[in-house]
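In the numbering used here, the protein residues as written are 151 to 646. Note that CB positions come from ideal geometry on N, CA and C, so glycine has one too. Note sheet for the following structure.
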Amino acid sequence: MTERLDRLEPGMAIPFGGDRLARVSDDLAAAFRAGDRLVVVQDTGDLLHIPAQVWKTTASAVDAASAAFGRLAECGPDAVTAFYRNFARLLDAPTNVEHIAEANAADVKEARRKGRSTTRLELSERMRSDMIAGLRIWEQTVVGDDPDKVISHDGWKVEMRRAGLGLVGFVFEGRPNVFADATGVLRSGNVVVFRIGSDALGTARAIMAHVVRPALEEAGLPEGAVALVDSPERAAGWALFSDPRLGLAVARGSGAAVSQLGAVARQAGTPVSLHGTGGAWIVAAPDAGPAELEKAVYHSLDRKVCNTLNTAVVAGPDPGPRIAAVLSGLRRAAERRGTSPKLHVVGEIELPAWWWEVAPIERAGEPVVEPRAEPIEPGAIGQEWEWEGSPEITLMTAGDVEEAVEAFNTHSPRFVASLISPDPEAHDSFYSRIDAPFVGNGFTRWVDGQYALQRPELGLSNWQFGRLFARGGVLSGNSIYTIRTRAIQDDPDLGR
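Below, the structure is given as structure tokens:
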């Protein structure tokens, strides 16, 4: 016999994980009301409170998406093509640009008032142009109606065809450009329902009202094919990923938040694609040219995103000239932004005195004054630095490239690795031993679906929680599908 949970008491024991207990805090007990939901994360014992109104708002968006999925297949690929064409055109219309820019400016102002990072929130002209370019790619990418495979038999045949998974739930941080990425799932027959970070909600509302909904209507697609969970509450993400109607849950953002969202979705029975912890590594081989190394560092630090350089490892004897090249690239990257660089040093590395002097370091909120360089413990070499205006990296040395690879495989999130060396055999060896989905020989910022593969991405997966099954680390709109099997019988007298 079951009962409804209508209240919580301070100190109440909540079982999780089969043999452990979590305790209800005073604040949680005071906030919980009849009709609210409590999600217990079975991995950690986290008690997640979802207010009734947040649950209702989220369920309404999922309702709309679910209804839209039932109608989407009847619309055909031409209607989806028209949607992307309309989306791109409306996103470039001067009146809409003005409305969206006004909303984004208000979001940025409020985020700064709260001391939040705005590096990914600001909808710049370049970001908007990249969104339009991504939409043009989806407009020109058509998934054919022909079967992927046909198995012929006497009197009948079997066709195997791609089909959409259904509802793709998408939770991402305050990055307005992700709209173009998220809507890519329509190309493979899916619908999307998403929750954007509260900092960007005003921008998202403006894009939905002035661009997305009109684009869907003009194309003849159901409105719920792109559904926004219109809530600033973090609980909306938990509510969305708790809904068993999702065919796939995709999360992008900070590592801890993404891991928690993934746990919520998994225990609801929904497969997940998580894109959280990032940070790229550059390994300078003993024969790395200082000029090439400096350029690789410099071009890997233009802005802070997941594929930005995070850890530089100088391998081999006589590291001085290569350390100087790393420092020069870091310093130039800061000068480009009009800021001071920040360096975290592992072990005994000789640096010019300038690096140990205090300087303004731009972080979210007010700048802080601290030394440009500080020592860190070896166990922290994989920490991702979420910098705002001041480019920030870890610097360490290794006896050889093999030791650097071992450090990467042990301490990094196993995401992006680059080797600077003129030796092709060294690169082949590096590629075979480094445990990463993305491996290069220069700057790290190439790791991007749209930039590298001409496919707007929903996210880039690392191998922190194991290798991916049957696909690469780039999750894109046209890679979200399942297989349906159809039998066509020519002989009516067929039997077994």
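Closest to residue i by C-alpha separation, out of the options, would be which residue?
i    : options                : result
L271 : W537, D257, E498, R235 : D257
E309 : D641, G529, E485, T635 : T635
E500 : R482, V464, P510       : V464
G622 : L644, D598, D640, D641 : D598
Q639 : E275, R262, S302, T245 : S302
L608 : R384, G334, V476, I543 : G334
G319 : A415, R481, A232, V247 : A415
H425 : A369, N612, S490       : N612
I287 : L315, R337, R262       : R337
T560 : Q533, R235, W596       : Q533
G387 : E575, V191, R564, V204 : V204
R312 : D296, P326, N327       : D296
V555 : I543, I531, P572       : I531
A462 : D177, K259, M281, T547 : T547
A354 : D380, G370, G339       : D380
G549 : V191, G497, E542       : G497
A475 : G488, A446, D452       : A446
S423 : A586, E153, Y601, L618 : L618
A406 : E153, E159, D193       : D193
G316 : A330, V342, A332       : V342
R262 : A399, R486, E516       : E516
D585 : A238, P574, W596, A557 : A557
Going by beta carbon distance, what residues of the same chain come within less than 6 angstroms of residue i, once the five residues before and after it are set aside?
i    : result
A418 : S392, P394
T594 : A430, S450, N457, L459, V566, S568
S478 : E444
K454 : T269, W537
V362 : V376
Y448 : G479, R482, A483
D641 : G305
F580 : L569
V328 : F322
L351 : P382
N254 : L273, T353
V408 : A401, L424, G426
Taking DSSP as the reference, what is the three-state secondary structure of residue i?
i    : result
S478 : helix
W506 : helix
K264 : coil
P471 : helix
P521 : strand
R355 : helix
I584 : coil
E527 : coil
E646 : The sequence given here has Arg at residue 646, not Glu. The answer is coil: DSSP assigns R646 none of H, G, I, E or B.
Report buried or exposed for residue i, applying the criterion of at least 16 other Cβ atoms within 10 angstroms of its Cβ.
i    : result
A441 : exposed
S582 : exposed
W505 : buried
Y631 : buried
I650 : Since the first residue of the chain shown is 151 and the last is 646, residue 650 is not available in this structure.
Q604 : exposed
I357 : buried
P421 : exposed
D186 : buried
V292 : exposed
G168 : exposed
Y234 : buried
A223 : exposed
A180 : exposed
G470 : exposed
T208 : buried
T245 : exposed
G645 : exposed
G529 : exposed
A184 : exposed
T152 : exposed
Keeping to the same chain, check which residues put their C-beta closer than 7 angstroms to that of residue i; ignore five residues upstream and five downstream.
i    : result
R472 : A434, A438, P440, L443, V464
E323 : R270, G347, R402, G403
A514 : G265, R266, S267, E538
A523 : L493, V495, L501, W505, W506
S626 : G334, G599, R605, P606, E607, L608
L171 : A163, I164, P165
A197 : The residue you asked about is not Ala; residue 197 is Leu in the sequence shown. The residues are I164, A172, V174, L178, L188, V190.
I250 : L273, T353, A356, I357, H360
State the beta-bridge partners of residue i as determined by DSSP.
i    : result
T544 : T461, H494
A637 : V308
G590 : S568
F320 : F344, V400
H303 : W306
G374 : In DSSP, G374 forms no bridge with anything.
Between residue i and the rest of its own chain, which residues show a CB-CB distance below 8 angstroms, the 5 nearest in sequence each way excluded?
i    : result
V518 : P510, I511
E373 : A214, A218, R363, L366, E367
V508 : V519, E520, P521, R522
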